[in-house]
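A.B. asks: Quick one: structure below, then a few questions.
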Amino acid sequence: MTPVASLPAEIYLARALEHIYGRVTVVGSANADLTLHTHTLPRPGQTVIGTPVRVLPGGKSANQAVQASLLGATVRFVGAVGKDHYGKLLWTSMHHAGVVLTDCVQSSKETGTAVVVVDDSAENTIAISPGANNDVTDILVNYHADAVRQANVLGLCLETPVSGALAAARLAAASGTLVLLNLSPYRSVPAELLRLTDVLIVNENELADLLPANLAAGLHDFDRNEQDMIAAGLSQLGIEQAVITLGSRGSLVIEGTSTTVIPAVPTDAIDTTGCGDAFFGTVLAAMSSGTPLLEACRLASCVASIAATGHGAQASYADRARTAAQLTSLSSLQIQ
Numbered sequence: 399m400t401p402v403a404s405l406p407a408e409i410y411l412a413r414a415l416e417h418i419y420g421r422v423t424v425v426g427s428a429n430a431d432l433t434l435h436t437h438t439l440p441r442p443g444q445t446v447i448g449t450p451v452r453v454l455p456g457g458k459s460a461n462q463a464v465q466a467s468l469l470g471a472t473v474r475f476v477g478a479v480g481k482d483h484y485g486k487l488l489w490t491s492m493h494h495a496g497v498v499l500t501d502c503v504q505s506s507k508e509t510g511t512a513v514v515v516v517d518d519s520a521e522n523t524i525a526i527s528p529g530a531n532n533d534v535t536d537i538l539v540n541y542h543a544d545a546v547r548q549a550n551v552l553g554l555c556l557e558t559p560v561s562g563a564l565a566a567a568r569l570a571a572a573s574g575t576l577v578l579l580n581l582s583p584y585r586s587v588p589a590e591l592l593r594l595t596d597v598l599i600v601n602e603n604e605l606a607d608l609l610p611a612n613l614a615a616g617l618h619d620f621d622r623n624e625q626d627m628i629a630a631g632l633s634q635l636g637i638e639q640a641v642i643t644l645g646s647r648g649s650l651v652i653e654g655t656s657t658t659v660i661p662a663v664p665t666d667a668i669d670t671t672g673c674g675d676a677f678f679g680t681v682l683a684a685m686s687s688g689t690p691l692l693e694a695c696r697l698a699s700c701v702a703s704i705a706a707t708g709h710g711a712q713a714s715y716a717d718r719a720r721t722a723a724q725l726t727s728l729s730s731l732q733i734q
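The working numbering numbers the first residue of the sequence shown as 399 and each following residue consecutively.
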């Protein structure tokens with residue numbers, strides 16, 4: 399397998415970005431990110447000095463919904479926030495991005511929060527207190543079933559109860575809605591959820607948790623035989639299409655027995671918080687409009703690279719115009 403040598407930006411712009419129009423429903427989490435910057439990430443038992451705390455809108459599912467909406471998809475968010483100022487922050491951020499919030503409920507619990515520490519290398523650690531996100535169960539999802547049934551594509555992650563994700567996947571399967579699962583944060587899930595998943599998106603650490611460690615080892619040198627074993631291992635779980643995100647090394651797209659490496663777009667990263675969600679949200683938006691998985695991931699690599707140049711998650715996300723400008727810039731660099 400030969401990694402993709404260049405980014406065909408003009409194809410992204412013409413076929414993917416300009417033709418995003420589909421219906422996306424995201425079921426899951428919304429968190430207020432309490433973010434601070436440190437020189438290095440603290441080791442166990444170590445205290446480090448950080449910058450003043452900034453409160454930014456986040457949560458994997460809310461991030462994914464915002465990114466998909468900014469790129470032009472019609473996005474509905476099924477989730478829960480508290481009746482506190484953090485809930486207002488998240489509601490406002492999603493609303494301003496164009497996300498439809500008629501299926502987002504107000505909970506008696508506090509809004510979910512995440513403590514995010516970012517170091518000088520743009521790496522981060524995150525700890526989450528779910529709060530209202532624990533309300534996103536099968537009961538809530540089934541009450542808002544039409545949001546899933548009427549979507550072209552459904553986005554799921556695991557910051558909310560698995561029962562809610564499984565209920566949403568069942569509704570999607572019954573109505574012909576494509577199911578994309580971001581198996582993050584990793585936890586053991588029912589085999590049925592994996593079987594109902596059309597596209598699985600994980601990072602290399604989550605892949606190592608899902609499959610035997612010797613299979614994931616092949617991602618470090620892009621060995622074809624190892625990647626074939628990964629594809630076979632996922633197939634045994636009922637997963638025929640998957641994307642393994644590899645940070646600065648790009649991503650690996652698996653479609654049946656075919657594997658393709660997509661390089662990351664070089665960028666001067668200052669904060670990688672939410673970059674994986676920007677990637678996932680872009681794939682949701684593109685595939686909702688009929689864009690093939692491989693091309694959707696190429697577009698997602700560009701969008702995620704923009705997110706890495708700003709602070710926080712949703713606050714750093716690019717809309718369609720900014721993404722188009724970035725693609726034009728990449729195309730010009732290739733011509734030169």
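Just so you know, even glycine gets a beta-carbon here, dropped at the ideal spot from N, CA and C.
1) Would you tell me roughly how many angstroms separate the C-alpha atoms of N522 and A571, rounded to the nearest one?
2) Give the DSSP-derived three-state secondary structure of D533 in the structure shown.
3) From the DSSP output, in three-state form, read off Q724 for me.
4) Which partner residues does G448 have in the DSSP bridge list?
5) Alpha carbon to alpha carbon, how far is D675 from K458? Give it in angstroms, no decimals.
6) In the DSSP output, which residue or residues are listed as bridge partners for T511?
7) What are the boundary residues of the beta strand (DSSP E) that includes L598?
8) Just to confirm before moving on: does the CB-CB distance between G496 and T509 stay below 7 Å?
9) Compute the beta-carbon to beta-carbon distance between V451 and H437, rounded to the nearest angstrom, for a pair I have assumed lies under 8 Å.
10) Tell me the rounded alpha-carbon separation between V560 and L569.
11) Any idea what DSSP makes of Q548, helix, strand or coil?
12) Between A566 and the rest of its own chain, which residues show a CB-CB distance below 7 Å, the 5 nearest in sequence each way excluded?
13) So, helix, strand or coil for C555, using DSSP?
14) Residues bridged to N522 by DSSP?
15) According to DSSP, F475 sits in a beta bridge with which residue or residues?
16) Note down the Cα distance separating N550 from L469, rounded to an integer number of angstroms.
17) Hey, how far is the Cα of M685 from the Cα of Q444?
18) What do you reckon, are the CB atoms on S527 and T511 nearer than 7 Å?
19) Can you look up L378 in the DSSP assignment and give me helix, strand or coil?
20) Between the region 680–700 and the region 471–490, can you find at least three pairs of beta-carbon atoms closer than 8 Å?
21) Just the C-alpha distance for G679 and L564, rounded to the nearest angstrom, thanks.
22) May I have the straight-line CA-CA distance separating A702 from Q465, to the nearest angstrom?
23) Quick one, which of A414, G485, L434 and T423 has its alpha-carbon nearest T671's?
24) Going by beta-carbon coordinates alone, are A667 and A706 separated by less than 7 Å?
25) If you draw a straight line from the alpha carbon of H542 to that of G485, how long is it in whole angstroms?
26) Let me check understanding here. Comparing Cα to Cα, which of L728, D626 and A589 lies closest to P664?
27) Helix, strand or coil for A716 per DSSP?
28) Suppose contacts are defined by Cβ-Cβ distances below 7 Å. Is I637 in contact with S649 by that definition?
29) Taking all protein chains shown into account, decide if E590 is buried (16 or more other Cβ within 10 angstroms of its Cβ) or exposed.
30) Among residues of its own chain, excluding the 5 on either side of S467, which ones have a beta-carbon nearer than 6 Å to its beta-carbon?
31) Please give me, in chain order, every unbroken run of the alpha helix (DSSP H) with length at least 4 that falls completely inside the region 624–672.
32) DSSP three-state label for S506, please.
33) How is G457 classed by DSSP in three states: helix, strand or coil?
34) Kindly give me the distance between the Cβ atoms of H493 and L499, rounded to whole angstroms, as I take these residues to be in contact under 8 Å.
35) Roughly how far, in whole angstroms, is the beta-carbon of V476 from the beta-carbon of T423, given that I think they are within contact range, below 8 Å?
C.D. replies: With the structure as the only source:
1) Approximately 35 Å between the Cα atoms of the pair.
2) Correct three-state label for D533: helix.
3) The answer is helix: DSSP assigns Q724 an H, G or I state.
4) Answer is T436.
5) Taking the straight line from one Cα to the other gives about 6 Å.
6) Looking at the DSSP output, T511 sits in a beta bridge with A430 and S527.
7) Boundaries of the beta strand (DSSP E) around L598: V597 to N601.
8) It is not a contact, given that the beta carbons lie outside the stated cut-off.
9) The Cβ separation is near 16 Å, so there is no contact.
10) Rounded to the nearest angstrom, the two C-alpha atoms are 14 Å apart.
11) Secondary structure of Q548 (DSSP, three-state): coil.
12) Shown here for A566: same chain residues with a beta carbon closer than 7 Å to its own, the five before and five after excluded, namely V425, V539, V546, L552 and L554 in chain order.
13) Assigned with DSSP and collapsed to three states, C555 falls in coil, not helix or strand.
14) The partner list for N522 (beta bridge, DSSP) reads V516.
15) As computed with DSSP, F475 is found in a beta bridge with V424.
16) If you draw a straight line from the Cα of N550 to the Cα of L469, it is about 16 Å long.
17) If you take the alpha carbons of M685 and Q444, they lie about 44 Å apart.
18) The answer is yes: Cβ separation under 7 Å.
19) This structure leaves residue 378 out entirely; the chain is present only between 399 and 734.
20) With the cut-off at 8 Å, the region 471–490 and the region 680–700 touch.
21) Rounded to whole angstroms, G679 to L564 spans 20 Å at the Cα level.
22) Each residue's alpha carbon lies about 10 Å from the other.
23) Here the closest residue by C-alpha is L434.
24) Cβ atoms of A667 and A706: closer than 7 Å.
25) Distance between the alpha carbons of H542 and G485 is about 20 Å.
26) Selected option, being the one with the closest Cα: L728.
27) In the displayed model, A716 falls within coil according to three-state DSSP, outside both helix and strand.
28) By the CB criterion at 7 Å, I637 and S649 fall outside the cutoff.
29) Exposed, because fewer than 16 other Cβ atoms sit within 10 Å of the Cβ of E590.
30) Contacts found: V473, A495, G496 and V497.
31) Listed in chain order, nothing qualifies, since the region 624–672 has no complete alpha helix (DSSP H) run of 4 or more residues.
32) In the structure shown, S506 sits in coil (DSSP, three-state: anything other than H, G, I, E or B).
33) DSSP places G457 in the coil class of the three-state scheme, outside both helix and strand.
34) Correct: roughly 6 Å between the Cβ atoms.
35) With a Cβ gap of about 6 Å, V476 and T423 count as contacting.
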